[in-house]
RNA sequence: GCCUCCGUAGCUCAGAGGAUAGAGCAGUUGCCUUCUAAGCAACUGGCCACAGGUUCGAUUCCUGUCGGGGGCACCA
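In our numbering, the protein residues as written are 129 to 714.
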C-alpha cells in the first residue's frame, strides 16, 4: 500500500538525516503517521513526524521537517514535492501516476480490492443477538445483529477466519418457559375458535379478568397472568394448527400446557431464525445452552474452578472469587443453595468450550444493560485458566424508538416490542440494515420509525445505492452505443487530470485503508459515512466530466468509463461488506 | 451511592492528539431539449455542556462538576 511505501521512505530519510548529523533524536522511538489531510490543499498525505521529533531533537518543528525533507527522494518515483506547513507538517504531493495506477489495480483485483491479510491466523468467534427464545427478534436486536454480521465481514475481508454464533438460553428459569408454554397453548385454543379471557391491566400491574367462559365449549380459558401476549405466539399457534389440526384440543389443560411447553421454544427459535435470515444474517452455529449440561461441561467447569481454588462455600451456596480474578466489586454465586447452577457457571463453561474449539479471539456483542456482567464473565474465563483479554465484550447502547415523536415503550412481556421483521417488511432489508449501522454502537441512537419507513431520498441507503446504479447506467448506456469498455490497464489513464476525476480517484484509493480502519476500530459505521463520500465524489465527477457526449474524445471517454467502472467496483465491494444490495438500476 | 455510555448546527449524527470542527435532514436560492434531477451548485446555521490538568498542539486523553441513557440479584 502507498502509505507503507511512504512510511518506509520517511524512516529512511530520518536515518539518513541522523547519519549525516542533521538530526539527533537520541535514539527516541517514534511512530510514523500518514493521513490524507482534511483539506486537499495540504497534499495527498500529511505527516506530523517532525512535530513528534521536536522534543528529542531539541529543534522547532519546521526545522526538523526541513532536515528530514532534505533526505527524501523528491522528484524521483513517487513523490512529486513535499511542503513544510504550519507548525511543521510535512505535506506530500504525489505524482498523479500513483492515482492512475490505482485505477488499474482496482479493476485487476476486482472483488478482492480492499481485502488484506492483516488478520491472517486469527480465528474469531463472534457471538451476537442470542435473544431468549421467548419472543421474536426485535428492532433492538437488529442493531446487534447488524453490528455482528458486518464486523464478521470486515474481519474476514482482512484475512481472519470468522464464525458467527447464536447462543440459545434454552435452560432458562423454568417459570419463564412454563408461561411461554401456557401462553402458546391458550393461543392454540384461540386459533380453534375458543374464547380466551385476556386480562386488562389496571395501571398498577394487576391483571383483571372478566371471567367470561368459552361460548364454544363452556370452559374457562384465561390467558396466563404474566404470560407472553405478543401476536407472535398466535402466529406460531396458527402454524401448529396447520400441522396437527385439533389433536391437542381434547387434552386436559395440564396435559396441553405440558405439550406446548415442549413445542414453544423450538417454535420460537425457528421464527427467530427466519427473521434473522430475512435480515440477511446467517449464523454458522446455533449453540444450545442445554447441550453444555448434557455433556457435563457445566459441572466439569465448576469442579475445575474448585480445583484451582477460585470457588468457596458460603451461606450454603458456592461462590466464585470474581473480585480476585477481575475488577468485579463483589464475589458472585456459582451454585445456589438450592444446588441449581447460576448462568455464570454455564457461561464460563460455554466460553471454555469456545476456546477449546480452537478460537483465539472471542467477541461477544451484548446490550448495554449487560455491562455489569462483563467482569463476571471475565472472572469465569480466568478461573478456568484462559486469558480473559482474548474475550472482548462489545456493548451496544440502546436504541430509543420513536414513533410520531413519541418514545415507544417496549418489553417482551408486554408484547409491545417492535419485531424486526415488521421493520424489514416496511422499509426492506437494505434500508433496515443500513439504518442499523448508521452510527456508532457507543451512542444511544434515536431510531425514528416514521423516517425509516419513509421510502424517500431522506433515506441514506438510497444515496449509496444510487451511486452504484448511476455508474452501472453509464456503462450500460455505453454498451448500448456499441462502445466497448477498454481494460483500465490499457486505457490512457494519464488523461484523467480534471480536479473531480482526481478527487474521485483519491477516494477510491482510500478504500483499503478505510476497510482496515473499520475492522481495527470495530467501527463499521465508518463505512456508511465513507460510501457517502464516494457517492458525492462520483456525482460531482458525473456532473462535470461527461463521458458519452459527442464532443468527448474517444481516449478521454474510455478513461472516464474506466473510472466509472472502478467506482462501481469499490461501491459494490463496500456494500457487500454491509450486506446491502448493489442495485443495477433504481 | 457505585459502575458505564453519552453531551458537537434547529433535528439526527460523523470527527484515529493536529492545520479553517464536518455530513445528512430541515430552511433560502439556482441548475433537467444533454451519460439516471433518488443528482449537482450556492447561502444560512457552532462559547464542540462547564472548570481545571497533561501536551509544541485537546472536540479528542486525564480529573472534577452539571445534565441525560443504561446497569448495580442465590433472574438471564
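The C-beta atom is built at its ideal place from N, Cα and C for all residues, glycine as well.
Own chain partners of residue i with C-beta closer than 7 Å, once the 5 adjacent residues on each side are dropped
{"i": "residue 557", "result": "406, 407, 408"}
{"i": "residue 136", "result": "none"}
{"i": "residue 139", "result": "160"}
{"i": "residue 298", "result": "261, 393, 416, 417, 418"}
{"i": "residue 259", "result": "265, 269, 400"}
{"i": "residue 568", "result": "651, 653"}
DSSP-derived helix/strand/coil call for residue i
{"i": "residue 599", "result": "helix"}
{"i": "residue 325", "result": "strand"}
{"i": "residue 270", "result": "helix"}
{"i": "residue 347", "result": "coil"}
{"i": "residue 357", "result": "coil"}
{"i": "residue 439", "result": "strand"}
{"i": "residue 723", "result": "In this structure the chain extends from 129 to 714, so residue 723 is not present and cannot be described."}
{"i": "residue 669", "result": "helix"}
{"i": "residue 521", "result": "strand"}
{"i": "residue 558", "result": "helix"}
{"i": "residue 175", "result": "strand"}
{"i": "residue 291", "result": "strand"}
{"i": "residue 112", "result": "Residue 112 is absent from the structure shown; the chain starts at 129 and stops at 714."}
{"i": "residue 575", "result": "strand"}
{"i": "residue 248", "result": "coil"}
{"i": "residue 142", "result": "helix"}
Beta-carbon spacing of residue i, residue j below 8 Å
{"i": "residue 160", "j": "residue 177", "result": "yes"}
{"i": "residue 491", "j": "residue 522", "result": "yes"}
{"i": "residue 639", "j": "residue 242", "result": "yes"}
{"i": "residue 600", "j": "residue 231", "result": "no"}
{"i": "residue 309", "j": "residue 389", "result": "yes"}
{"i": "residue 151", "j": "residue 142", "result": "yes"}
{"i": "residue 323", "j": "residue 344", "result": "yes"}
{"i": "residue 392", "j": "residue 450", "result": "no"}
{"i": "residue 198", "j": "residue 208", "result": "no"}
{"i": "residue 633", "j": "residue 227", "result": "yes"}
{"i": "residue 170", "j": "residue 163", "result": "no"}
{"i": "residue 672", "j": "residue 597", "result": "no"}
{"i": "residue 513", "j": "residue 436", "result": "yes"}
{"i": "residue 476", "j": "residue 429", "result": "yes"}
{"i": "residue 623", "j": "residue 679", "result": "no"}
{"i": "residue 693", "j": "residue 239", "result": "no"}
{"i": "residue 465", "j": "residue 495", "result": "no"}
Backbone CA spacing between residue i and residue j [nearest angstrom]
{"i": "residue 515", "j": "residue 565", "result": "30 Å"}
{"i": "residue 542", "j": "residue 268", "result": "Residue placement at residue 542 cannot be trusted, given a pLDDT of 44 that sits under 50; what the coordinates show is reported in the next sentence. Their backbone Cα atoms lie some 15 Å apart in a straight line."}
{"i": "residue 667", "j": "residue 530", "result": "33 Å"}
{"i": "residue 618", "j": "residue 561", "result": "38 Å"}
{"i": "residue 404", "j": "residue 421", "result": "27 Å"}
{"i": "residue 434", "j": "residue 440", "result": "7 Å"}
{"i": "residue 653", "j": "residue 261", "result": "29 Å"}
{"i": "residue 414", "j": "residue 212", "result": "57 Å"}
{"i": "residue 286", "j": "residue 648", "result": "9 Å"}
{"i": "residue 189", "j": "residue 594", "result": "45 Å"}
{"i": "residue 279", "j": "residue 650", "result": "7 Å"}
{"i": "residue 519", "j": "residue 273", "result": "19 Å"}
{"i": "residue 380", "j": "residue 386", "result": "10 Å"}
{"i": "residue 315", "j": "residue 254", "result": "36 Å"}
{"i": "residue 462", "j": "residue 165", "result": "53 Å"}
{"i": "residue 696", "j": "residue 167", "result": "25 Å"}
{"i": "residue 473", "j": "residue 482", "result": "14 Å"}
Cβ-based neighbour list, residue i, same chain, cut-off 8 Å, excluding 5 preceding and 5 following
{"i": "residue 660", "result": "588, 591, 592"}
{"i": "residue 454", "result": "503, 504, 506, 507, 510, 516"}
{"i": "residue 327", "result": "335, 336, 337, 350, 351, 353"}
{"i": "residue 270", "result": "407, 548, 551, 560, 564"}
{"i": "residue 247", "result": "283, 286, 287, 288, 647"}
{"i": "residue 129", "result": "640, 641"}
{"i": "residue 412", "result": "291, 292, 293"}
Cut-off 6 Å between Cβ atoms - residues of its own chain near residue i, not counting five sequence neighbours on either side
{"i": "residue 181", "result": "153, 192"}
{"i": "residue 158", "result": "180"}
{"i": "residue 625", "result": "none"}
{"i": "residue 281", "result": "705"}
{"i": "residue 539", "result": "Low confidence applies to residue 539: its pLDDT is 44, below 50, so where it sits in the model is not reliable enough to give any reading."}
{"i": "residue 611", "result": "none"}
Assumed close pair residue i, residue j - CB separation to whole angstroms, cut-off 8 Å
{"i": "residue 605", "j": "residue 676", "result": "6 Å"}
{"i": "residue 384", "j": "residue 313", "result": "5 Å"}
{"i": "residue 471", "j": "residue 295", "result": "Rounded, the Cβ-Cβ distance is 11 Å, inconsistent with contact."}
{"i": "residue 665", "j": "residue 644", "result": "The Cβ separation is near 20 Å, so there is no contact."}
Any non-hydrogen atom of the ligand NAD closer than 7 Å to residue i Cβ
{"i": "residue 342", "result": "Because no ligand of any kind appears in the structure shown, any question about the ligand NAD cannot be addressed here."}
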